[in-house]
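Letter by letter, the sequence shown follows residues 1 to 554 of UniProt numbering.
Where a beta carbon is used, it is the ideal one built from N, C-alpha and C, also for glycine.
Some notes on the structure that comes next.
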Amino acid sequence: MPTVSAHVARTLAQHVDHVFGVMGNGNAWFLDDVERSTSTHFTAVRHEAGGVVAADAYYRASGRIAAATVTYGAGFTNTLTALAEAAQARVPLVLLAGDEPTSGPRPWDVDQIALAAAVGARTYTVGRADAAATTVIAIEHSLTYRVPVVLAIPYDVAALEAGPVPDAPEPALPGPLAPAGPFDAAAISDLARALAGAQRPLLLAGRGAWLAGAGETLGELAAATGALTATTALGRGVFPDGRYDLGVAGGFGAEGAMALVREANVAVVLGASLNQFTMRFGDLFSPGTRVVQVDVAPAATHRHVGGFVRGDAALVARALLEELRGLGAAPSGWRESVDVAAARAYETGPADGLASDGRLDPRTVAHRLGALLPDDRVVVSDGGHFIGWANMYWPVASPDRMMMVGTAYQSIGLGFPSVAGAAAARPEDAVVLTTGDGGGLMALADLETAVRTAGGRGVAVVWNDAVYGAEVHVYGRQGLAEEPMRIPETDFAALAAAVGAEGVVVRSLADLDRLASWTSEPVDQRRFLMLDCRVSPTVVAPYQEEILRVNLSR
């Protein structure tokens, strides 16, 4: 007879094709049934946080929900940082976890429901009579609200016989949020008139616009208004016509591009939360810019927003197009009047690639890597000072090809397991990790996971500057002791070789030639490539300079 765990496994398998995690006492029965009775693929990671991170990255790269699984107690508590990141980033996933017996906690049990709630995840606990239905409810909740959920199996219930697996209903998911009522209609009409009369219109789109499938419609809207376009870091590539795109708005943006943003007299923000980094701490738009936000949030998310339309980005953009056509509006001509390519150019550092201290300038390295990395790349980024380099110098084709797992919760150390999720989601593409030495050491347990799962499709770039860069730049300048901020230089190339990868220590631009030859080799004949880039800690990313100005002015 199928067990309670089998009910969960087989029901989950109808909606999830990948499970990532670590096996233990609390999930052994569940994983046994996943392996024996379903077509769902299980990928083992080496640290429990890595399972949640991989499931998170899988969703970001594919748009399909995945699951992570861990045991109770220490296995569960090891996931909390990754679970908090998924909650902050609004990423749906299911964490299948063992839990204390229904008879009460044992000495090693903790209140997992309270811990999950503390980081923003709701828990659903299965029973002998309702395991399949509860599994569907958990999936439904996760997808409806775009949040992680915990699906808990009490230890004394996991192996109980539960009879034939019932047919559980499909999750009932809401449709796109449509603007409704006379107030929304008036707001859309007013915004259309503003765009029709704008001399310098700008469209700024974020990840929400991509999730809404708004890219094609936004391209039509940009053409109809003659608008320049820009995106958030997580919305890169959402506009189909890159000729008029200024790139990433905020601290990752080129100075010339951000100067053009400040020239806009009407800016429409679609599917972007306008956090402090996108808004350049309040300096993104000029005071004379009329800023209107379109979002599914209940209200505007920044005080500089002067108008708000609540609704799905694709639906509102389509409504704006129809209004503009009714008005007989003509494109402004602004975007043809400026040199977009020149405006979005970044500094590339010294020609020889060396900073004043003799180590590599990360700008020059990033620029060179952008030309050498495979065109089909999916970039996964850990958190840390270095995050600017990939966002500035490595363009991607669409938002699902750039994942920053950790930045929503301001975490580091989630990079290596992100590779596993992206590799599973996009089995034909190259997966490129960008990480620092601090975060890389923190995530070292899943270096093996990254190498095993991506194989010859994987590249890791470690920005190895022997410091916690953000801390040195923010607190070192304020006179705090720097010794706790420093890291003994680590040989990541050797660490990678120990788990079957090819490691290259990069001390000159010529050392990057190995990447050029690596990309020309057949995928099945090459190994995962680790580029251990010995870069200078003296070069500060522009976005970090913005953070410094804010912190040092307080």
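Coil, strand or helix - residue i by DSSP
i, result
"V462", "strand"
"L495", "helix"
"G21", "strand"
"P201", "strand"
"Y409", "coil"
"V52", "helix"
"L369", "helix"
"S337", "helix"
"R534", "strand"
"F528", "coil"
"P154", "strand"
"L80", "helix"
"E347", "coil"
"L414", "coil"
"G288", "coil"
"A186", "helix"
"L177", "coil"
"A121", "coil"
"F277", "coil"
"G247", "strand"
Whole-Å CB distance - residue i paired with residue j, under 8 Å assumed
i, j, result
"residue 570", "V94", "Outside the displayed range of the chain (1 to 554) lies residue 570, so it cannot be described from this structure."
"L202", "A272", "Not confirmed; about 12 Å, so no contact."
"A454", "A423", "4 Å"
"L96", "T69", "4 Å"
"F20", "A66", "7 Å"
"V53", "S418", "6 Å"
"P362", "W334", "Not a contact, Cβ separation roughly 34 Å."
"P148", "A114", "Not a contact, Cβ separation roughly 16 Å."
"T435", "L321", "About 41 Å; that fails the 8 Å criterion."
"T449", "V45", "5 Å"
"R344", "G247", "5 Å"
"D33", "A6", "4 Å"
Spatially closest choice to residue i from the options, by CA coordinates
i, options, result
"A493", "P484, L480, M485, R507", "R507"
"V535", "F416, A366, A87, T11", "A366"
"M402", "A355, V499, A212, V431", "V431"
"R146", "R60, Y72, L115", "R60"
"G440", "H385, Y393, G456, V474", "H385"
"W108", "A129, G73, V119, I139", "G73"
"V296", "M442, V16, P176, G24", "P176"
"L414", "S37, A82, T43", "A82"
"L324", "I153, R477, E220, V119", "E220"
"W210", "F281, A196, G235, F416", "G235"
"P395", "Q14, V380, Y409", "V380"
"P101", "T71, G226, G421", "T71"
"H304", "T278, A313, G311", "T278"
"R368", "R344, L512, R262, A420", "L512"
"P484", "Y475, F416, T490", "Y475"
"F42", "A13, G63, E347", "A13"
"V268", "D190, G237, E482", "D190"
"T40", "R10, D56, M23, G50", "R10"
"G328", "A132, V523, A224", "A224"
"A227", "M404, S337, L80, D465", "S337"
"A317", "A371, A178, Y155", "A178"
"E161", "V8, A420, D429, T490", "V8"
"D241", "G250, V266, G215", "G215"
Exposure of residue i, with buried meaning 16 or more beta-carbon neighbours within 10 Å
i, result
"G406", "buried"
"T144", "exposed"
"D99", "buried"
"A510", "exposed"
"D357", "exposed"
"Q199", "exposed"
"G253", "buried"
"M1", "exposed"
"Q112", "buried"
"P92", "buried"
"S103", "exposed"
"S332", "buried"
"G197", "exposed"
"G326", "exposed"
"F285", "buried"
"A117", "exposed"
"A351", "exposed"
Identity of the residues DSSP links to residue i by a beta bridge
i, result
"P148", "L93"
"A44", "G21"
"S381", "M404, T434"
"G503", "M530"
"E161", "T3"
"A267", "L202, V291"
"residue 555", "Summary: the structure shown does not reach residue 555, with the chain confined to residues 1 through 554, and so no result is reported for it."
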